Amino acid sequence: MNYYVKRVLQSLFTIWAVLTITFVLIRWMPGGPLDYLMAQFVQGNLGPSGTGVDTQERIAAFERMAEVYINFDPTAPLYVQYFEYVGDVLTGNLGRSIWYQQPVEEVLFPAIPWTVFIGAVAIFISFISRVIVGAALAYKEGSKLDIGGTTLLIWGHSIPFYVVAILLLYTFGYQFGWFPVSGRYNPDPPAGLNWPFIAGILHHAALPMVALAWASFGAGAIAMRANAIQILGEDYLRAAKLRGITSKRITLLYVARNAILPMYTQMLIQVGFIFSGSIILEMVFEYRGVGWYMFQAIQNNDYPLMMGCFLLITVTIAIAMLVADLTYGLVDPRVRRGESSESF
Amino acid sequence: MSGTTEENVDSESPRSVRSEGNTILEVRDATVSFEMERGESRVLNGVDLSVERDEVLGIVGESGSGKSMLANALLDAVVDPGKTSGSVRYFPPDGRDPIDVLELNDDELRTFRWEEISIVFQGAMSSFNPTMKIRDHFAETIDAHDADPEECIERAYDLLSELYLDADRVLDSYPHELSGGMQQRTLIALSLILEPDVLVMDEPTAALDLLMQRSIISLLDRLQREYDLTLVFITHDLPLVAHLADRIAVMYAFELAEIGPAEEIITNAAHPYTRMLLGSTPNLDAPVDEMRVIEGSSPDPVAPPTGCRYHPRCPISRDICAESSPEFEDVSAEHQAACFFHEEASDAVTYPIGEDNDAIETEGSSTSSRDYGEPILSLDDVTVEFEGDQSILDLFDEPEYVRAVDDVSLDVHEDDVVALVGESGCGKTTLGKTIIGVHRPESGNVTYRGQDIWEARDSHREAEISFSEIRGALQMIHQDPGSSLNPNKRVIHSLRKPLKKSQPDLERVEQERRIMAMLEYVGMSPPEDYANRYPHQLSGGEKQRVALIRALLMNPDVILADEAISALDVSLRVEMMELLLDLQGRFNTSFVFISHDLSNARYLAEKADGRIAVMYLGEIVEIGTVEQIIHDPQHPYTQALRWATPDLNPRNESEESPIRAIDIPDPKDPPSGCRFHTRCPEAREICRQVHPTNISTNGSEVACFRADPDHDYWDSPSIVNEESDDDETSMSTLD
């Protein structure tokens, strides 16, 4: 079969498997969504309560509620439950958040752009800076700058990004007061395309972005350095110098381009982890993105919301990997059939 | 130009350079050294050399003899931190002032290189930026030298078509889309784009098949005459340059050992080293018994031997050789050798070239006198396919299949040697791996002693001979011994593994005793020392021996040797083949020997009384004894390979290439009829339409209509002069 068709089918299979596993978890996990819902119901936190309601009515009400919150009726035959659930998810109905009393998609979807915004900019900043730092160290291979720089990078990489996040928050947020310590935007200017509002957004996003960029910077810069050193030793570089090609052209078209290529896959994988990586970060900065909601959902046992987040995360990862495999052949002319070369 | 500069030149060097008239490059006392922790490593030591205008100078030496350093020194292109001293002077042909190459600053060097002298390196693939199209390589070079783009691009087109390439398609390709031979030719065109006067070529063909090597040499010969080039051709392969070069310089241990006119060097070499080198080169014309091995190994550049550097290995060395180093002495007017006793060398070291070797023709091996019993291994109509490459752009196409092996039948007997010969991409490695049960064929059977290998695998226990037993009986040694040994394990550890597998109840002491005996047997002594080494502490030849022992300890019936000697130095090859033959006799092992080199195949097959099989595009086109294949080849392709195999006899005039297209057709879409018809010099209309089946002619089998004197072929019209057909196929590997 054609490799690309095969690869797309594989991704679809992954997504289907995740859906099924989610269904199994919801249905049977002890203390899982169903039990939780039942408990809430019995305690009278949800659904009709009071003494005037008879049992039949209560059961019927519970079934309706289950339908709303977790997308299936627990009393229906299993396969009906399964198809109901899958069908609902595929049509964009992810259930209803218990905590927010809103459909999950209405809670989650407005949060997506905020997380994507921080994640994408952080990946971009991190990518550019590690290419520059890595290449600079490679050119100075063996010098004091290189040894010191590499040591610093490894040292920096060993500090978890959430520690960096807390340090940033403490220093620049609380001590100096340069950056806001929580939130996504300034409430004062009217929301919309005006500078004060956008400036507020950037102001709020700056620290989370730096912290997130830090997460991949150290290892990435070391990988770039190693790639560039390898390219610097290639015969074609020497041949190009002998042909009289200017060093500027060699740096850009020979060294940089060939050293960056193996990092392409790595970058797409990062994109895939954009949501799962945001959980702790958004907690620290109280930044209401997907990660923040997910953390809240876990704390509040808000299973429908949690499941929605899980699905979102897996689907993004599966799609990012698929894109990496499908497009590597176009980015690097040498590679066909998704034999992507990776470096970490 | 002006009188003052000429005086300058004269005052600098006592020799009157101008009076030598035709010199284009003059090298005096060129030395390249690297500072190392153990001391100064002199990888080129005081070389004096003059290159004449419009000549072809061949520089020959083994690996590690400093020949590449000499090439780089000519352009002051020695890599950091190497230091070049001495002087290299270039005399421009238009009478400008001579240029002191080593004195040029960076900017001057930038213009000097490529405009006056350019260089072609060995690995063409690694000389191109893999993510840039060929056209950009040309464009940036033209741009960097401020040359006229239109004129240069026009020249690029001329050069490329001169080299039998379709210029448009080559220029719009990425490097990896071209075959090795195409890349190398493109690289030659790229180095000539600014019309340099001198072209230095550092092993330009070493990575290529013989047929391609020889084709490129013929093309170079033509280019050299057409563009008035001076060629400096550096190689380890003396026979390769024998016909091309006007003069040959032989290097040993970072110094020149001998220099002289090519024919004189070949027929009447004066330095004992040159004579040994000539004697150890596998050669189709020389009787195999006269080939010999050079004892010892090349010296270390940090601590070379005192006196004459060859004296520790030289058969005629005396005390004086160890004490003082010999100067160049005239053998004849243009022939110098650095040896005190060069007059005695010709008697002390003989080699078969240049002498009368009529005896060979009659001497040949007995024709199919062998009585073959039941074959050990038998291939029956075997076909192996691979899935071709795809891009996302052909998303909805079914993948294409390449038939690497197409309908091949072959028997391997007890104590047999089968040499598979062919160009790269002809499927010889795939066939080899199918023979030893590594590749599963799409159709056809591979049987081992009557048991179908793949049936044994599928049916597990029920088979008469189990699959693991078969696996153990069929072993392989690879081309690159370095990567087939675990770098983190000692030799003894690598060797104990197979022994544990083949004889699990052997005691540890006994195991070690056997391993030591084997090491000793292959000449690695003291064995205790070698057994405890790591692979990186072994030389290439020693690693290959360890790989060979490892295969033998499984007690195999058949060993597949895939280009097992190609990575070794010329002087080591004969030694390694001798070892293979010796072991074959001792352990009753059969060898399937894969090589692109007909002379190696011939050496092994002739001594073991085996057969040579010639492969082309997945098919065996001719198979027979050495006598038949070498001395009486029937198939035009075998004849072409025979032509491509360098021979040393200068009396064998190198005739024009017998093939019509240099490049192999695309294996995904092989030509109709006879697959060779697109390149065959004898092709006729019928060859395009009908696929020839094997025709037996007294013992050998040939897949060519010409072997049958009554075939319709002889009435069919020739298609040799149809140009369009030719162009199309020569480029089809580009797809």
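Chains as they are written, first to last, in our numbering: chain G, 8 to 351; chain F, 890 to 1624. Just so you know, even glycine gets a beta-carbon here, dropped at the ideal spot from N, CA and C. Computed from a predicted model, the values in this text were never measured in an experiment.
- Task: Quick one: measure Cβ to Cβ for I1501 of chain F and I1366 of chain F, integer angstroms, because I've assumed they're closer than 8 Å.
- Result: Between I1501 of chain F and I1366 of chain F a beta carbon distance of about 19 Å is seen, past the 8 Å cut, so the two are scored as non-contacting.
- Are I1404 of chain F and L1374 of chain F closer than 7 Å when you measure CB to CB? no
- Assign G207 of chain G to one of two classes, buried (16 or more other C-beta atoms within 10 Å of its C-beta) or exposed (fewer than that). buried
- What residue ranges within the segment 1480 to 1514 of chain F form continuous alpha helix (DSSP H) runs of no fewer than 4 residues, ordered along the chain? 1487 to 1497
- Would you kindly work out how many angstroms separate the C-alpha atoms of L209 of chain G and I105 of chain G, rounded to a whole number? 32 Å
- Item | Unbroken alpha helix (DSSP H) run spanning G227 of chain G, endpoints | W202 to L239
- Query: Roughly how many angstroms lie between the CA atoms of V1139 of chain F and D918 of chain F, to the nearest whole one?
  - Reply: Using only the alpha carbons, I get a separation of about 16 Å.
- Query: Counting along the chain, where does the alpha helix (DSSP H) carrying Q1072 of chain F start and finish?
  - Reply: G1069 to S1080
- Item | Residue from F:K1022, F:G1513 and F:D1521 whose Cα sits closest to the Cα of P340 of chain G | F:K1022
- Item | Residues of the segment 225 to 248 of chain G whose Cβ lies closer than 9 Å to any Cβ of chain F, in chain order | E241, D242, Y243, L244, R245, A246, A247 and K248
- Task: Indicate whether at least one CB of chain G lies closer than 7 Å to the CB of T1075 of chain F.
- Result: no
- Report yes or no: is there a C-beta of chain G within less than 7 Å of the C-beta of N961 of chain F? Answer no: the Cβ-Cβ gap between N961 of chain F and chain G never drops below 7 Å.
- Query: For the candidate residues F:W1003, F:S976 and F:P981, whose alpha-carbon lies nearest to that of E992 of chain F?
  - Reply: F:S976
- Message: Tell me the DSSP secondary structure of M1413 of chain F in three-state form.
- Response: coil
- Message: Would F1565 of chain F and Y1526 of chain F be called neighbours here (beta carbons separated by less than 7 Å)?
- Response: yes
- Output, in chain order, the set of chain F residues within a Cβ distance shorter than 9 Å of L260 of chain G. N1018, T1020, M1021, D1025 and E1029
- Do the segment 108 to 126 of chain G and the segment 280 to 298 of chain G meet, that is, are 3 or more Cβ pairs less than 8 Å apart? yes
- If you follow the alpha helix (DSSP H) that T323 of chain G is part of, which residue opens it and which one closes it? Y310 to V338
- Message: Let me see if you follow: with CB-CB separation under 7 Å, is I257 of chain G close to chain F or not?
- Response: Chain F, which has no Cβ nearer than 7 Å to the Cβ of I257 of chain G, makes this no.
- Contacting positions in the segment 11 to 42 of chain G - beta carbon closer than 9 Å to chain F: Y11 and V12
- Of the listed residues F:R1329, F:A1308 and F:L1083, nearest to E1043 of chain F (C-alpha basis): F:L1083
- Query: Looking at P1019 of chain F and D1086 of chain F, is the spacing between their C-beta atoms short of 7 Å?
  - Reply: no
- Task: Have a look at F:T973, F:M1090, F:R985 and F:A1028 and flag the residue whose alpha-carbon is nearest the alpha-carbon of A1013 of chain F.
- Result: Here the closest residue by C-alpha is F:M1090.
- Message: Please list, in chain order, the residues of the segment 1004 to 1016 of chain F that have any C-beta partner in chain G closer than 7 Å.
- Response: I1008, F1010, G1012, S1015 and S1016
- Message: For L1127 of chain F and V949 of chain F, which I take to be in contact (beta-carbon distance under 8 Å), what is that distance rounded to the nearest angstrom?
- Response: 5 Å
- Query: Does the Cβ-Cβ distance between V932 of chain F and V921 of chain F come in under 7 Å?
  - Reply: Their beta carbons are under 7 Å apart, which means V932 of chain F touches V921 of chain F by this criterion.
- Query: By DSSP, does N934 of chain F sit in helix, in strand, or in coil?
  - Reply: strand
- Measure the Cβ-Cβ separation of V945 of chain F and D1135 of chain F and say whether it is below 7 Å. Cβ atoms of V945 of chain F and D1135 of chain F: closer than 7 Å.
- Message: Contact criterion: CB-CB distance below 7 Å. Does I252 of chain G meet it with respect to chain B?
- Response: No chain B is part of this structure, whose protein chains are labelled G and F.
- Locate the alpha helix (DSSP H) running through Y947 of chain F, then write down its first and last residues. It should be noted that the sequence gives Gly, not Tyr, for residue 947 of chain F. Following the DSSP letters along the chain, one finds G947 of chain F in no alpha helix (DSSP H) but inside the beta strand (DSSP E) bounded by residues V945 to V949.
- Message: Cβ closer than 7 Å: which chain F residues qualify as neighbours of R264 of chain G?
- Response: T1020, listed in chain order.
- Taking all protein chains shown into account, do 16 or more other C-beta atoms lie within 10 angstroms of the C-beta of T27 of chain G, making it buried, or fewer, making it exposed? exposed
- Who are the near neighbours of D1604 of chain F in its chain, counting only those whose CB is closer than 6 Å to its CB and skipping five residues on each side? none
- Euclidean distance between Cα positions of T912 of chain F and A1096 of chain F: 31 Å
- Neighbouring residues, chain F, relative to L268 of chain G (Cβ below 8 Å): T1020
- Query: Hey, is the segment 1449 to 1467 of chain F in contact with the segment 1486 to 1496 of chain F, meaning 3+ C-beta pairs nearer than 8 Å?
  - Reply: yes
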